[in-house]
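J.: This is the structure I have questions about; it appears just below.
Number of protein chains: 2
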Amino acid sequence: MREADRPLVVNRIVQAGLELLEEDGIHAITQTQVAKRCGIRQSHLTYYFPKATDLLLAVFSASHAKALPLDSAVHDPIGVLRAVMFDPTRMRFFLKIVAELPDDPDIRSTVADHAHTWAHTLGPFFGRTSSDPDLLIFVDMVRGRAIRHILRTEGQAPSKAELLALAARLSLRPVNRG
Amino acid sequence: MREADRPLVVNRIVQAGLELLEEDGIHAITQTQVAKRCGIRQSHLTYYFPKATDLLLAVFSASHAKALPLDSAVHDPIGVLRAVMFDPTRMRFFLKIVAELPDDPDIRSTVADHAHTWAHTLGPFFGRTSSDPDLLIFVDMVRGRAIRHILRTEGQAPSKAELLALAARLSLRPVNRG
DNA sequence: ATTGCATTTGGTACTTTACCAAGTTCTGTT
DNA sequence: AACAGAACTTGGTAAAGTACCAAATGCAAT
């Protein structure tokens, strides 16, 4: 179902989920609370999102899309990567979804595709093709680093310069784009 | 409370949690099911583990300890790392805990310490001090890679050789120990 | 014996999810 | 317009789970 074809109520549902996510965190994204916020019945929510995970996934997708405005991602991919990966709420959300992911391969590849989006965004920046495995390793590295960040919130998130230094460890260096 | 000082019930509780984890996965670790398995009341469980996360954390700790029998970890740290990180059940468990971690700094540092355990295990193997930041980066990298593994279960987990190759990207090379 | 503490029970209020059966609204067709 | 069928919406419910609380029990030191 393309976004444009979706019933309005689905958009309202996802929007409510986004708001709850930003205001109260992951735990607020429940059928009960989302339904209350957009004025429909909880049972109606399971009509569009039969499993609780389906709703989570939809909100996650929307959140991801919102965080990746294409122009800024192209202009400053490291900045966007940093903003998305080291936002604890967003990262926790991602981890929760990965942790609870049902075995359905469709659902899994939906999330996996989001991961590959990074390779497409970073490829041109580092002068690599988006299938370059080093890009995936770099993303792995940053994700792992972000988890460490969640565990030790006292410290600052790595700066863009530090992230570039990490990339350099894998011989990934920004190319001059003019 | 040291493990030795713990009431026997607590050991039984954690043990039941471990069994459920291995048999039915993360979702089985609930007060209700654990209580049923070790023949106590659910309300009694909240006496020892006031929050549901506390129980999760205890089972996670036990599971981690069980997976790191010291001798084999020293003898073959990469093998142990591989076994622990690329076991989907275990990794999901870890991610779930990180995702749901309450803000209590004590609890967070408990989990963070488990991460640092890896640095201590890997340090001698790579001829580095356990505070060497490269070790942490390597662990980050492997963790990130493991997440990717969860998302694409078709593929095999990286072999030990591949993990060593990853380490080499960070100039981490095993030292000869004789 | 009694006091104080840890343990254990039983009960309850609340939240969340996944159903279902029954309505209602919308749509295209005749 | 009238109809049939699909899409949508409601209300209700059963099951599982969490976090409380008040009361009972056991146990140890005074």
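Heads up: the sequence lines are chains A and B, in that order.
The opening residue of the first sequence carries number 258 in the working numbering; numbering runs sequentially from there.
The opening residue of the second sequence carries number 258 in the working numbering; numbering runs sequentially from there.
The beta carbon of each residue, even a glycine, is placed where N, CA and C say it ideally should be.
From a predicted model like this one, the values you see are computed outputs, not experimental measurements.
Along chain A, in chain order, which residues have C-beta atoms closer than 8 Å to that of B/Lys353?
T.: Working through the second sequence from its first residue, we reach residue 353 of chain B at position 96. Chain A residues near B/Lys353: Leu352, Lys353, Ala356, Glu357.
J.: With C-beta atoms as the reference, is A/Leu278 less than 8 Å away from A/Phe350?
T.: The count along the first sequence starts at 1 and reaches residue 278 of chain A at position 21. The count along the first sequence starts at 1 and reaches residue 350 of chain A at position 93. Going by C-beta atoms, A/Leu278 is nearer than 8 Å to A/Phe350.
J.: Just checking, does the region 345-364 of chain A make contact with the region 280-289 of chain A on the three C-beta pairs under 8 Å criterion?
T.: yes
J.: Rounded to the nearest angstrom, what separates B/Ser300 and B/Leu313 at their Cα positions?
T.: As a working note, residue 300 of chain B is residue 43 in the second sequence. As a working note, residue 313 of chain B is residue 56 in the second sequence. Whole-angstrom Cα-Cα distance: 16 Å.
J.: Cα-Cα, which of A/Ala292, A/Glu357, A/Leu275 is closest to A/Ser320?
T.: The residue given as residue 320 of chain A occupies position 63 in the first sequence. Closest by alpha carbon: A/Leu275.
J.: For the alpha helix (DSSP H) that A/Asn268 lies in, which residues bound it at each end?
T.: Start at 1 with the first residue of the first sequence, and residue 268 of chain A comes out as number 11. For A/Asn268, the enclosing alpha helix (DSSP H) begins and ends at 265-281.
J.: Taking only beta-carbon positions, decide if A/Met342 is within less than 8 Å of chain B.
T.: Here residue 342 of chain A refers to the residue found at position 85 of the first sequence. Cβ-Cβ to chain B under 8 Å: no for A/Met342.
J.: Quick one: list the residues of chain B neighbouring A/Ala372, beta-carbon separation under 7 Å, in chain order.
T.: Taking the first sequence and counting its residues from 1, the one referred to as residue 372 of chain A is at position 115. The contacting residues are Arg405, Leu408.
J.: With A/Val267 and A/Tyr305 assumed to form a contact (beta carbons below 8 Å), what rounded beta-carbon distance in angstroms separates them?
T.: For this step, residue 267 of chain A is matched to residue 10 along the first sequence. For this step, residue 305 of chain A is matched to residue 48 along the first sequence. Right, the Cβ-Cβ distance comes to about 6 Å (below 8 Å), so this counts as a contact.
J.: Quick check on B/Thr378: buried or exposed, where buried means 16 or more other Cβ atoms within 10 Å of its Cβ?
T.: Residue mapping note: residue 378 of chain B aligns to position 121 of the second sequence, counting from 1. So B/Thr378 counts as buried.
J.: Any heavy atom of the ligand ATP within a distance shorter than 7 Å of the CB on B/Gly336?
T.: Absence of the ligand ATP from the depicted structure is noted, as is the absence of any ligand whatsoever, leaving it without description.
J.: Compare the Cα-Cα distances from B/Arg365 to each of A/Ile404, A/Ile297, A/Asn433 and report the closest residue.
T.: Translated into positions along the second sequence, residue 365 of chain B becomes position 108. Answer by Cα proximity: A/Ile404.
J.: Cβ atoms of A/Val399 and B/Leu408: under 8 Å apart, would you say?
T.: Within the second sequence, the letter at position 151 stands for residue 408 of chain B. Within the first sequence, the letter at position 142 stands for residue 399 of chain A. Taking 8 Å as the Cβ cut-off, B/Leu408 and A/Val399 do not qualify as a contacting pair.
J.: Establish whether the CB of A/Asp281 and some CB of chain B are separated by less than 8 Å.
T.: In the first sequence, the residue the question calls residue 281 of chain A occupies position 24. No, because no Cβ of chain B sits closer than 8 Å to the Cβ of A/Asp281.
J.: Near A/Pro390, which residues of its chain fall below 8 Å by C-beta distance, leaving aside the five closest residues on each side in sequence?
T.: As a working note, residue 390 of chain A is residue 133 in the first sequence. Within the same chain, no Cβ atom closer than 8 Å to the Cβ of A/Pro390 is found once the five residues on either side in sequence are excluded.
J.: Using a Cβ cut-off of 7 Å, pull out every chain A residue sitting near B/Asp397, in sequence order please.
T.: By one-based count along the second sequence, residue 397 of chain B stands at place 140. Within chain A, the residues near B/Asp397 are Met398, Gly401, Arg402, Arg405.
J.: For A/Ser416 and A/Lys293, what's the separation of their Cα atoms in angstroms?
T.: Mapped onto the first sequence, residue 416 of chain A falls at position 159. Mapped onto the first sequence, residue 293 of chain A falls at position 36. C-alpha separation (whole angstroms): 40 Å.
J.: Could you check what DSSP says for A/Ser416 in three-state terms: helix, strand or coil?
T.: Taking the first sequence and counting its residues from 1, the one referred to as residue 416 of chain A is at position 159. If DSSP states are grouped into helix, strand and coil, A/Ser416 belongs with coil.
J.: Would DSSP call A/Ile286 helix, strand or coil?
T.: The count along the first sequence starts at 1 and reaches residue 286 of chain A at position 29. It is coil, neither helix nor strand.
J.: In terms of residues, what are the limits of the alpha helix (DSSP H) holding B/Pro431?
T.: Here residue 431 of chain B refers to the residue found at position 174 when the second sequence is read from its first residue. First-last for B/Pro431: undefined, no H or E at that position.
J.: Give, in chain order, every unbroken run of the alpha helix (DSSP H) that is at least 4 residues long and sits entirely within the region 296-320 of chain B.
T.: Listed in chain order, the complete alpha helix (DSSP H) runs (minimum 4 residues) inside the region 296-320 of chain B are 299-305.
J.: In or out: A/Leu429 buried (at least 16 other Cβ within 10 Å) or exposed?
T.: Taking the first residue of the first sequence as position 1, residue 429 of chain A is located at position 172. Looking at its Cβ environment, which holds 16 or more other Cβ atoms inside 10 Å, A/Leu429 is buried.
J.: List the endpoints of the continuous alpha helix (DSSP H) containing B/Asp363.
T.: Position 106 of the second sequence, counting from 1, holds the residue named residue 363 of chain B. First-last of the alpha helix (DSSP H) with B/Asp363: 362-383.
J.: Give the single residue among A/Ile335, A/Ala273, A/Ser318 whose Cα lies nearest to the Cα of A/Ala376.
T.: Indexing the first sequence from 1 puts residue 376 of chain A at position 119. Comparing Cα-Cα distances from A/Ala376 to each of A/Ile335, A/Ala273, A/Ser318, the minimum goes to A/Ile335.
J.: Which residues in chain B sit within 9 Å of A/Arg365, going by Cβ to Cβ distance?
T.: Walking along the first sequence from the start, residue 365 of chain A turns up at place 108. Within chain B, the residues near A/Arg365 are Ile407, Leu408, Arg409, Thr410.
J.: In whole angstroms, what separates the C-alpha of B/Cys295 from that of B/Val271?
T.: Within the second sequence, residue 295 of chain B is the residue found at index 38, counting from 1. Within the second sequence, residue 271 of chain B is the residue found at index 14, counting from 1. Approximately 10 Å, taken between the alpha carbons.
J.: Below 8 Å on the Cβ atoms is my contact criterion, and I expect B/Ala414 with B/Arg339 to pass it. Report the Cβ-Cβ distance as a whole number of Å.
T.: Translated into the one-based positions of the second sequence, residue 414 of chain B becomes position 157. Translated into the one-based positions of the second sequence, residue 339 of chain B becomes position 82. Correct: roughly 7 Å between the Cβ atoms.
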